[in-house]
Every structure is written in C-alpha cells, then in structure tokens.
Amino acid sequence: MSAITLTDVSRSFGQIRVLQDIDLDIRDGELIVFVGPSGCGKSTLLRLIAGLDRPTSGSIAIDGRDVTKVAAADRGLAMVFQSYALYPHMSVRQNLAFGLENARMPRAEIDARIAEAARMLEIAPYLERRPGQLSGGQRQRVAIGRAIVRNPTAFLLDEPLSNLDAELRISTRAELAALHERLAATMIYVTHDQIEAMTLADRIVVLRAGRIEQVGTPLELYNRPANLFVAGFIGAPRMNFLPGRIAGSADGRSTVELGGAGTMLVEKVEAAAGDHVTLGVRPHHLRLLPAGGGVAAEVTLVEALGSETILHARTPDRQSLLAVLAGQQEVAAGETIHLEFDPGTLHLFDSSGLRLQPLQRDSGAR
Amino acid sequence: MANAAVGLAARAGAIILAPVGWLARVLDPPLRLMQKAGGQNGMVAFFLAPNMLIFGIFVLFPLVINIAYSMTGGSALFLEDRVFVGADQYRRLFTCGNYLDPGSCAEDLFWTAVWNTSTFVVFQVALMIGVALVTALVLNRDIRARSFWRAVFFFPVLLSPVVVGLIWRWILQREGLLNYMLHGIGLDPVVWLVERDWAFMAAIGVSVWAHVGFYALILLAGLQAIPKDLYEAAEMDGTRPARVFRRITLPLLAPNLLVVLVLTLIRAVQIFDEVYVLTGGGPGTSTLFITQYIYEVGFASLLRNPGLASAASILMGSVLVILTLAQLGIARKNEMRSKKG
Amino acid sequence: MSRATEFLLRRRGGERWHWTDVFTWFWLAGGLVLMFGPALWLVNSSFKTPAALAEFPPTILPYVTAQATVEGYDRPLPLYEVAGEDGRPRVLAEVRRIGIVAQMVDPQEPGETIRVNIRDRTPKRSVSFATDNYVEPFVAFDFLLYLRNSVFVTVMATLITLITNSMAAFALSKYNFTGRSAVMLLIIATLMVPLSVILVPLYSVISAMGLFNSLWGVILPTVATPTGVFLLRQYMLTIPDELIDAARMDKASEWQIYWRIILPLTAPALAVLAIFSVVWRWNDFLWPLIVLSRKEVYTLQVGLNTYAGELNVQWHFILAMTVVTMIPVVLVFIFLQRFITTGIAGTGLK
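Chains as they are written, first to last, in the working numbering: chain B, 4 to 369; chain H, 634 to 974; chain E, 95 to 444.
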C-alpha cells in the first residue's frame with residue numbers, strides 16, 4: 004500500500020551538493036535502512052521523503068502519486084526523531100493525541116488508538132506523565148507510539164536508537180524488528196551503525212557523500228560488496244585490504260602479487276597484467292597455517308577473548324592485518340605467522356575501487 | 634511564599650490569557666487556508682506583520698520625518714502645513730557668540746541645557762560607576778544572605794521616576810527629613826532644591842540612587858564569572874589584595890565595566906523624568922537638561938517650535954547613535970575575545 | 095540575640111577584623127538605610143495628618159492631638175495635659191490661647207475657665223493613622239480614574255507586546271527567509287532610537303491617527319520593543335527544531351506550531367518580558383505626559399505629577415497617592431525580585 008519511489012533526487016545547500024541523483028524504489032512493507040558515515044546525506048534523504056525539506060531537483064512519489072510539492076502533513080507519513088522530539092510541555096497522552104487532534108479525528112477514536120498503542124508498547128502506566136519524567140527507553144517508546152497511532156502509510160525512523168545505552172539498544176532493536184513484523188508497514192530507517200542495519204534491514208542502502216554506493220539485502224552487501232567503500236563499511240571487524248598487482252593471467256587464472264607477502268592465484272578477472280588491485284578478505288575468513296606458505300605476517304598484538312582470538316599482525320611491507328580465529332591460540336606478539344583463506348571468500352577490487360568479478364572458483368592461495 | 638505568588642500570578646495570567654487562547658483556536662482554520670495559499674513564506678510575513686507594522690508606523694516613520702521636521706518652521710503640527718526653512722533651525726541652535734556662555738547664544742536655553750547635561754553626565758556617570766563598583770565588590774564578598782542584600786540595592790530601580798522624584802522632594806524639602814537630621818548633628822539646614830548647586834547635586838544623587846542597583850547587578854554578574862581559582866592562585870603567590878584587585882579583578886571585569894559605562898552614558902544624556910519631577914528644571918534653569926528642553930520647546934512652552942525641538946532631538950540622537958555603536962562594537966569585541974579564549 | 099550579633103560581626107575567615115570587613119558592614123548597613131529608608135519614610139509620612147506633617151522636627155509615628163467635645167462649645171477642643179497645683183497631672187481642653195496664656199476648661203466641669211501658661215501644658219496625643227489621605231483622593235478626586243487608566247495601559251500594552259514580539263521572534267528564529275538579516279539589522283538599529291529622539295514626529299503621527307488624548311496613543315508606540323523581540327528570539331533559538339519538524343509531521347499548521355508548541359515552551363522568557371513590560375508601562379511618564387492632556391485620560395504617573403504641581407502642595411494627599419502608585423511595583427519586587435535580578439544578570443535587560 005505504500006511504495007516510495009525517488010527519481011533523480013538532488014539536494015543542494017548553496018554550493019554544497021548534499022544529495023546527487025538518487026534513484027531508489029522502496030517496496031511496500033519492507034524495512035529499508037539508509038546507512039553511511041555521518042555527513043553522507045542519509046538524514047537529508049529521509050527529510051526529503053518526509054516532506055520536511057524539498058529536493059532541489061527530481062521527484063518523489065508515494066504509491067505512484069507525485070508528492071514532491073506536497074507538505075509534510077499531507078503525505079501520510081510518520082517520523083520518529085533522533086531526539087524523539089516529544090513535546091516537553093504535554094503529557095504522554097497529549098503527545099500521542101496531538102497529531103490526531105490536528106487531523107480532526109473524533110475523541111473516541113483518538114482514545115481507542117492511544118489505548119491500543121499504549122498496550123502494544125507497554126507505556127500505559129506513563130500516559131499521564133510528561134516526557135521529562137520518563138527514562139530514555141520509555142521516551143523512545145512514546146516516540147514510536149506517536150508514530151503508530153497515526154496509522155501512517157510509512158514510518159520514517161531517524162537514528163531512533165542512538166540515544167539509548169548499549170544494552171537497551173540491543174533489546175529495542177529486537178522489539179523494532181518484531182514491531183515491523185506485526186505492523187507489516189513500510190519503514191525507512193536511518194542509522195550510521197552497520198550492525199543495526201544488518202540486523203534489521205530487509206534491504207540496505209549504503210550512502211556516501213550524497214550518492215548511493217549500493218542497494219541490497221544485508222547478505223548481498225556482505226558477500227558481494229560492490230566497491231571498496233561498502234566492503235569496508237559492512238561487516239565487523241572491518242575487512243582487511245592488501246594492495247596487489249596482477250602479474251599475469253593464464254589458464255583462466257590470474258596471478259596476484261602481494262608485495263612481499265607472496266603471490267597467489269585467483270580466478271581470472273578482467274584486468275590486464277600490471278594493473279594495481281586491492282585484495283580484500285574478512286578477518287573471520289583467515290586461518291592459521293601451522294607451517295609456512297600463505298600470507299606471512301608478524302604478530303603485533305594478541306587479544307584472547309576465550310571463545311576467539313584476535314590477532315593484529317603486520318605484513319613485511321607494513322600492511323596491517325586483522326584475523327579473528329576461533330578458540331584459543333598459542334601465539335605471542337613478535338612471532339611470524341602464516342595465514343591462509345578460502346579463495347571463495349576473497350574480494351578483488353580494481354584501482355578505482357570497483358569489485359572485480361571472478362568467473363569461477365578455484366583452490367588456492369600459495 | 635514566592636512560589637505561591639508565582640502560582641497566583643500564573644493563575645491571573647491564565648485568566649487574562651483565556652480569551653487569547655480562544656482567539657488562537659478560532660483563528661486556526663482561516664490561517665490554515667492562508668498557509669495553503671501563501672505557503673511558509675506567507676506565514677513568515679504574517680508572523681512578522683503586526684510587530685513590523687507597529688514598528689514602522691511608530692518608530693521608523695517618525696524617525697524619517699523627524700529630519701523633515703527639523704527643516705521646517707512655524708508652530709503648525711502637521712508636516713504639510715509647515716514652512717520649509719532649510720537649515721535655519723540648526724543655524725539658530727548654533728548661533729552663538731561664545732559656546733561656553735549660553736547668554737551669548739540665540740537659543741540660550743539650548744546651550745544652558747547642553748552644558749548642564751554635559752556636567753551632569755560627567756559627574757553622574759563617574760559617581761554611578763564608582764558606587765556600582767563598590768556595591769558589586771561588597772556583594773561579591775563572602776556575605777550571608779547575598780540575594781537579600783542584592784535586592785536591597787535593586788529596590789529603587791523598579792520605582793517609577795515620578796515616585797522617585799516625589800519621595801526625594803519630600804525628604805529634601807525645607808522642613809524635611811534630611812534637614813532634621815542635619816539639625817540633629819548640629820548643622821544648619823539647607824534649602825536643597827532652592828539653591829542652584831545643591832539642586833544640581835540632588836539631581837545627580839537622586840538619579841544615582843534610583844539606578845545604581847541595576848549597574849551593580851551587571852558588575853556583580855561579571856565578578857561572579859571570574860574563576861575562583863585565579864584568586865586562589867594569587868593567594869598562593871602571596872599577592873597583596875590591592876594588587877589582586879588591580880591585576881586580576883579589574884582587567885577581567887573590564888568588559889562589564891565598558892558595558893556599564895556606555896549604558897550609563899546613554900541614559901545620562903537622556904536624563905529627564907525623575908529630575909523633572911524633583912526640580913522641574915529649576916531653580917531657574919540650573920537643572921534644565923536636553924530632553925526637558927526638547928519637551929518644552931516642542932510641547933509645553935507658549936511659543937511652541939516643533940522644528941527647533943526636532944533639530945535638537947536629532948543632535949541628541951546623533952550623540953546616542955555614536956554611543957550605541959561604541960557599545961555594539963565593544964560587545965562584538967568581547968564576544969570575539971571570549972570565543973578565542 | 096547572640097545569633098544576630100554573630101551575624102552582624104561575622105568576618106571573612108581570618109582571626110582579626112580586616113578593614114574591608116568593617117567597610118563591608120558599613121556599606122551594607124548604609125545601603126539598607128539609604129535604599130529602603132526614603133520609601134519607608136514616605137509610607138510613614140503618608141499616614142500623618144496635615145498638622146502632623148507641618149511639624150518640625152518630624153515625629154516618627156503619626157500622632158494626632160486628642161480632642162474632646164465639651165458642653166457649651168461648638169467645635170471639639172484639643173486636649174492638653176497640665177500639671178495641677180497638687181502636682182497631679184490633669185487633662186484640660188483648650189478654649190483659646192492669648193499670648194503665652196491658654197484659657198482651658200476641664201471637660202468634666204466645663205463651667206470653670208482655668209488660665210495656664212502655655213509652657214506648663216503638653217498636648218495629649220495618640221498614634222493614629224490618617225487613612226483619609228488615601229480615601230479622599232479616590233472619592234473626591236480623579237485618582238480612581240487614573241488608577242483604572244494605568245491598569246488598562248499596563249495590561250493592554252503588555253498583552254500586545256507579548257503577542258506581537260513573540261510572533262516576530264518566532265519568525266526570526268525558526269524560519270529561513272530572504273531578508274531575515276535585514277529585518278534583524280533594522281531592529282538592532284532602532285535600539286539606538288530612544289523615544290526622546292522622535293517625540294515631535296511621533297506626536298504628529300499620533301495626532302494624525304486621532305490618538306491624541308487616547309490611551310491607545312500611549313500604548314501603541316511602546317509595544318514593538320526591539321528588546322522584547324531580542325530576548326524572545328534568543329530563547330526560541332534554544333528550542334530544538336526537531337520539535338517543529340515533529341509538529342509538522344503531526345499535521346500542525348504553522349500557526350498551531352506557534353501557539354501550541356513554541357509559546358508554551360517560551361513561557362519562562364515570556365514571563366520575564368511580561369514582568370518588565372508591566373514595570374515599564376506602569377512607570378512610563380514622558381510619553382503619557384505629552385499624549386494625555388485631559389484629566390479623564392491621565393495615568394497615575396501623569397496625574398500624580400500634575401497633582402503635585404497644581405494643588406498648592408497638599409502633601410498629605412500626594413504622599414498617599416505616591417504610595418498607591420508604588421504598590422504594584424513593590425509587589426513585583428517582593429515576589430519576583432529574584433526572577434528579575436537573575437534575568438538582568440542573564441540578559442542585560444532593563
């Protein structure tokens with residue numbers, strides 16, 4: 004019932020172009036997450052959809068209706084703000100009722116909706132309190148409640164968890180997911196935290212410097228990042244990057260030179276000999292080789308967490324590497340270790356940072 | 634008690650504001666339509682309109698036509714009935730044998746007022762700042778019930794100039810309280826408001842009495858903003874109190890002192906109300922100040938001359954503009970300094 | 095008692111009295127007397143009869159000479175205490191005085207006239223408050239009218255000030271529009287233009303609008319105060335913009351945002367401005383003096399000043415009416431001074 008389509012949307016503030024040529028289809032009922040570092044334009048994009056701000060060019064449509072010039076109030080959307088933006092001088096009940104009163108809804112229906120939302124969010128005991136008398140988590144629920152009672156065509160959530168402490172954030176995240184399940188409403192969720200994005204999203208939109216870097220499901224982004232930025236942004240700890248050079252190609256394979264750390268054969272990629280590439284591998288995909296071979300590196304720090312061991316290491320040409328190894332490992336700082344990984348988990352990027360697609364899999368890092 | 638009063642005031646306010654709230658609700662539907670038609674910018678214009686309209690009619694427009702007034706003659710009230718005389722009014726104000734001797738001037742009262750005001754400004758501002766500074770220093774000491782003492786000095790600030798004038802007229806009269814007290818310590822009584830010099834000093838004293846609490850408050854705020862550890866550091870260094878005052882307190886208080894200086898200057902130049910009630914400008918013309926001169930030439934005297942009053946008011950306005958610009962300049966400099974610091 | 099002494103003699107730490115301690119004590123005590131004394135003396139004097147006011151040296155308490163109606167005399171006669179021949183004091187009524195001899199009668203036995211040297215008699219007096227000083231100006235003169243005018247001017251001017259200033263401050267703090275800095279500059283510029291500079295042209299504007307001798311002529315020029323707009327704008331800048339966004343999402347109109355969201359949240363600043371506006375408008379003198387020339391429209395301040403000049407200085411009435419004029423401001427002082435003083439320290443407003 005509420006698909007949102009953005010076509011060629013740009014927004015400039017004076018000379019500064021905050022968003023450029025955004026094309027995006029948000030499907031009905033999906034929870035889509037805008038993620039990116041601060042200043043990437045994700046909040047501006049949300050405000051454009053909300054109608055709190057107008058695009059410099061391009062158009063926004065909800066269910067096929069062009070709403071580019073429609074006021075925020077008339078778009079039928081509801082928003083949960085980062086600061087919650089609860090009216091401090093009104094009780095929780097008045098906060099929930101304010102929007103409904105403005106829509107001239109009959110009193111009885113207002114009360115019914117508030118009761119329903121209060122039950123769903125378990126905020127009934129605080130209805131007569133002011134926001135100032137609530138804890139952070141309670142305020143957050145009220146902010147969500149204020150959106151729910153409106154029965155909007157879509158929910159817009161602007162970093163709704165960023166003001167909560169770590170523990171509360173995790174439990175609220177789960178509740179939000181459950182809420183989305185139950186309401187089956189379109190939700191647009193903005194965050195800078197990729198873990199939130201991975202856990203909540205049906206699809207993730209990665210933004211950087213006003214442009215969309217990649218759109219896809221969480222696992223698509225994790226497994227096949229379109230470029231270096233997405234590869235580095237999605238997944239924790241961050242993916243390891245090693246600079247390399249294509250030495251040559253033969254038999255459907257390419258040889259990559261990792262300066263000083265050895266060479267390896269990878270599935271042939273569309274790159275000429277001599278091209279500089281970046282090789283990416285996630286810390287979880289690295290394994291310790293008992294003997295030589297693989298990528299040699301000197302351990303600089305060992306973090307033993309019990310269930311896993313995190314190794315900080317440095318290759319001979321001073322590239323830092325991070326490896327997350329299962330269980331407990333007998334390794335000390337200063338030792339030289341050899342790391343290997345499944346070539347299927349390897350990512351290659353060309354010199355402009357775009358993903359190089361291997362054609363098929365093969366064994367082997369040497 | 635204070636809370637009860639605030640509650641009571643809030644309730645009274647609520648009663649007064651009830652019709653306003655009703656009006657606001659009734660206004661909403663038409664204003665919504667207006668917002669639909671005019672958009673957000675239309676609403677901005679709507680919000681600004683009442684204030685700017687009143688402001689334009691009663692401040693801006695008079696300010697502009699004041700210049701026109703100052704170039705016309707006669708006693709007619711409305712501009713269209715008045716005769717253009719060019720710079721005659723200004724020429725008349727400045728026709729003088731010797732500026733220091735009002736008797737030699739065409740407008741002797743103007744120059745009497747100018748010199749009276751100048752003398753008044755010099756002495757009143759000096760006395761005001763001195764008393765305000767001492768009061769602020771005293772209030773900044775480690776005294777108990779500081780807010781009570783602060784209130785003591787602030788009390789006269791709220792009194793109306795008419796009340797101030799009448800209180801002191803009552804005390805300074807020939808058989809008043811002050812003369813009784815002089816009598817009590819064996820001094821001869823003085824007819825304060827009848828002797829020229831005493832009346833002038835009374836004008837200075839009364840205006841300081843009425844306003845010093847306000848400036849003391851500003852200076853006190855400045856003193857309290859000086860970090861305590863500076864004083865502790867000075868004490869550890871064994872610095873003598875006089876030196877602490879000169880090297881720490883004064884420099885750090887300088888921004889506030891400048892603000893107070895400019896404010897007192899601006900207000901002293903315009904002195905009128907309480908002195909007018911106290912002395913009526915007398916005896917003779919010994920306490921006639923510029924604003925009273927403008928008032929009397931423009932409105933009160935038999936031979937009203939609005940053009941002359943306008944010209945005089947523009948001259949006074951120019952002085953005030955210079956002083957205010959100085960104030961804004963100081964404020965900006967302070968701001969920049971505090972940003973840097 | 096010892097607490098009071100301790101309070102008064104408290105020093106600043108140290109073992110011995112430093113001269114600054116003495117000076118502080120002297121300054122505070124002197125300030126107390128000098129700042130409150132005159133007003134108290136005024137209140138005190140306002141309860142004295144004309145006869146008591148004319149006395150020199152003045153008495154602290156308002157005394158009246160006791161009188162008695164004596165059979166055979168039309169007027170009440172003043173009572174005196176006289177030392178009798180047997181040394182016992184007697185209370186006699188004075189019939190008349192010739193030179194240094196007073197003819198007196200005993201109120202109980204009015205038939206006999208007693209001659210007493212005036213140095214041997216002292217007036218029999220009692221403390222009494224001359225409340226007539228207050229009642230008569232209200233009943234016989236126009237002071238009730240002046241009071242009503244003053245209240246009208248103060249309330250209307252304050253209301254209009256609050257509404258127009260807060261609307262303008264809202265526009266100037268929460269919207270980005272072309273010309274905003276120009277409007278701000280204009281407002282700053284008029285801070286430099288006190289009323290006394292535009293008296294003549296303003297008078298002609300008021301007259302042209304038919305507002306001469308009208309209370310609205312007093313009210314309107316004072317309500318567009320740049321200080322008020324500034325104060326409110328500074329405060330509104332601290333209200334988060336997200337609240338306004340939230341209200342817009344909640345289908346609130348801009349007008350609703352103003353009066354349901356912004357106004358309630360600006361209440362503290364509005365209260366400060368309201369208090370100041372009440373004091374300013376109540377105390378206004380020069381402008382009402384110019385605009386109001388008919389007695390029916392005088393405000394208290396103008397009425398009082400005229401009265402003090404007109405009526406061959408009937409001090410007992412003037413003093414009483416001065417006290418009445420002072421009362422609202424003193425109430426504001428007693429209940430709200432902490433509010434005001436912190437407001438001034440924070441904003442530099444007066």
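Backbone N, C-alpha and C fix where the C-beta goes; we use that ideal spot for every residue, glycine too.
This structure is a prediction, so every number in the text was calculated from the model and none was measured.
Among residues of its own chain, excluding the 5 on either side of Ile963(H), which ones have a beta-carbon nearer than 6 Å to its beta-carbon?
Excluding sequence neighbours, Ile963(H) sits near Leu891.
Check for me: the alpha helix (DSSP H) holding Ala701(H) runs from which residue to which?
Residues Phe694 to Tyr702.
Please check if any C-beta of chain B sits within less than 8 Å of the C-beta of Arg274(E).
No, no contact with chain B.
Check whether the stretch 97-113 of chain B touches the stretch 337-347 of chain E, counting contact only when three or more Cβ pairs, one atom from each stretch, lie closer than 8 Å.
These segments touch.
For a quick check, are the C-beta atoms of Leu325(E) and Leu256(E) less than 8 Å apart?
Not in contact: Leu325(E) and Leu256(E) (Cβ atoms no closer than 8 Å).
Which residues share a DSSP beta bridge with Cys43(B)?
DSSP output for Cys43(B) lists no bridge partner at all.
Quick one: is Gly102(B) near chain E, going by C-beta distance under 8 Å?
True, the Cβ-Cβ gap to chain E drops below 8 Å.
Am I right that Leu681(H) and Ile698(H) are in contact with their C-beta atoms under 8 Å? What's the rounded C-beta distance?
In fact, because the Cβ distance is near 23 Å, the residues do not count as touching under 8 Å.
Give me the chain B residues within the contact set of Pro334(E), using Cβ-Cβ distance strictly less than 8 Å, ordered along the chain.
Within 8 Å Cβ-Cβ: Ser86 and Ala88.
Is there at least one Cβ from chain C nearer than 8 Å to Pro794(H)'s Cβ?
Here chain C cannot be found, since the structure's protein chains are B, H and E.
On the three-state DSSP scale, how would you describe Val1(B)?
One cannot answer for residue 1(B) here, as it falls past the ends of chain B, which runs 4 to 369.
Closer than 8 Å, Cβ to any Cβ of chain H: which residues of the stretch 335-360 of chain E, in chain order?
Under the 8 Å Cβ criterion, the stretch 335-360 of chain E contributes Ser347, Glu348, Trp349, Gln350, Tyr352 and Trp353.
I want to verify the contact list: residues of chain E whose CB lies under 8 Å from the CB of Asn699(H), in sequence order.
The answer, in chain order, is Val291, Ile292, Val294 and Pro295.
Do you know whose CA, among Arg432(E), Phe411(E), Val424(E) and Arg209(E), lies nearest Asp226(E)'s CA?
The shortest Cα separation from Asp226(E) among Arg432(E), Phe411(E), Val424(E) and Arg209(E) belongs to Phe411(E).
Roughly how many angstroms lie between the CA atoms of Gly356(B) and Asn230(B), to the nearest whole one?
Each residue's alpha carbon lies about 5 Å from the other.
Between Arg256(B), Asn166(B) and Val21(B), which lies nearest to Ala275(B) when the distance is taken from Cα to Cα?
The residue with the shortest Cα to Cα distance from Ala275(B) is Arg256(B).
Taking C-beta pairs closer than 9 Å, name the residues in chain H that Ser222(E) reaches, listed in chain order.
Neighbours of Ser222(E) on chain H: none; closest Cβ ~20 Å, over 9 Å.
If we count the other Cβ atoms within 10 Å of its Cβ and call it buried at 16 or more, is Leu173(E) buried or exposed?
Result: buried.
Which of the three DSSP states is assigned to Val36(B) in this structure?
If DSSP states are grouped into helix, strand and coil, Val36(B) belongs with the strands.
Mapping the DSSP letters down to three states, classify Pro860(H) as helix, strand or coil.
In the structure shown, Pro860(H) sits in coil (DSSP, three-state: anything other than H, G, I, E or B).
With a threshold of 16 other CB atoms inside 10 Å of the CB of Met198(E), please say whether the residue is buried or exposed.
Classification of Met198(E): buried, given that the 10 Å Cβ count is 16 or more.
Could you give the distance in angstroms between the alpha-carbon of Asp196(B) and the alpha-carbon of Leu224(B)?
So the two alpha carbons sit approximately 15 Å from each other.
Could you check whether the Cβ of Gln395(E) sits closer than 8 Å to any Cβ belonging to chain H?
So, interface residue.
Would you mind listing the alpha helix (DSSP H) stretches within the stretch 799-881 of chain H that are 4+ residues and don't spill past its ends, in chain order?
Those alpha helix (DSSP H) runs which fall completely within the stretch 799-881 of chain H and span 4+ residues are 810-817, 829-857, 861-869 and 874-877.
Note down, in chain order, every chain H residue with its Cβ under 7 Å from the Cβ of Ala265(E).
Correct list: Val677, Phe680 and Leu681.
What is the DSSP secondary structure of Val272(B), counted as helix, strand or coil?
In the structure shown, Val272(B) sits in coil (DSSP, three-state: anything other than H, G, I, E or B).
So the beta strand (DSSP E) Ile281(E) belongs to, where does it begin and stop?
Per DSSP, Ile281(E) belongs to no beta strand (DSSP E); it is in the alpha helix (DSSP H), Arg274 to Leu285.
Under 8 Å between C-beta atoms, does Thr957(H) make it to chain E?
It does; some Cβ of chain E falls within 8 Å.
What does the alpha-carbon distance come out to for the pair Ile947(H) and Ser703(H)?
Cα to Cα, the separation comes out at about 8 Å.
What separation, rounded to the nearest whole angstrom, lies between the Cα atoms of Thr897(H) and Thr284(E)?
In a straight line, the C-alpha of Thr897(H) is about 18 Å away from that of Thr284(E).
Measure from the alpha carbon of Trp349(E) to the alpha carbon of each residue in Val771(H), Phe694(H), Gln668(H) and Gly640(H), then state which is nearest.
When each option's Cα is compared against that of Trp349(E), the closest is Gln668(H).
Specify the secondary structure class of Ala111(B) as computed by DSSP and reduced to three states.
The answer is helix: DSSP assigns Ala111(B) an H, G or I state.
Measuring straight from C-alpha to C-alpha, what distance separates Ala678(H) and Ala276(E)?
Straight-line Cα distance between these residues: approximately 14 Å.
Is DSSP giving Pro319(B) helix, strand or coil here?
It is coil, neither helix nor strand.
Please classify Gly367(B): is it buried, with 16 or more other beta-carbons within 10 angstroms of its beta-carbon, or exposed?
Summary for Gly367(B): the model assigns pLDDT 41, below 50, so the residue's position carries little reliability, and this model does not support an answer.
Distance, Cα to Cα, Val176(E) vs Arg182(E)?
C-alpha separation (whole angstroms): 9 Å.
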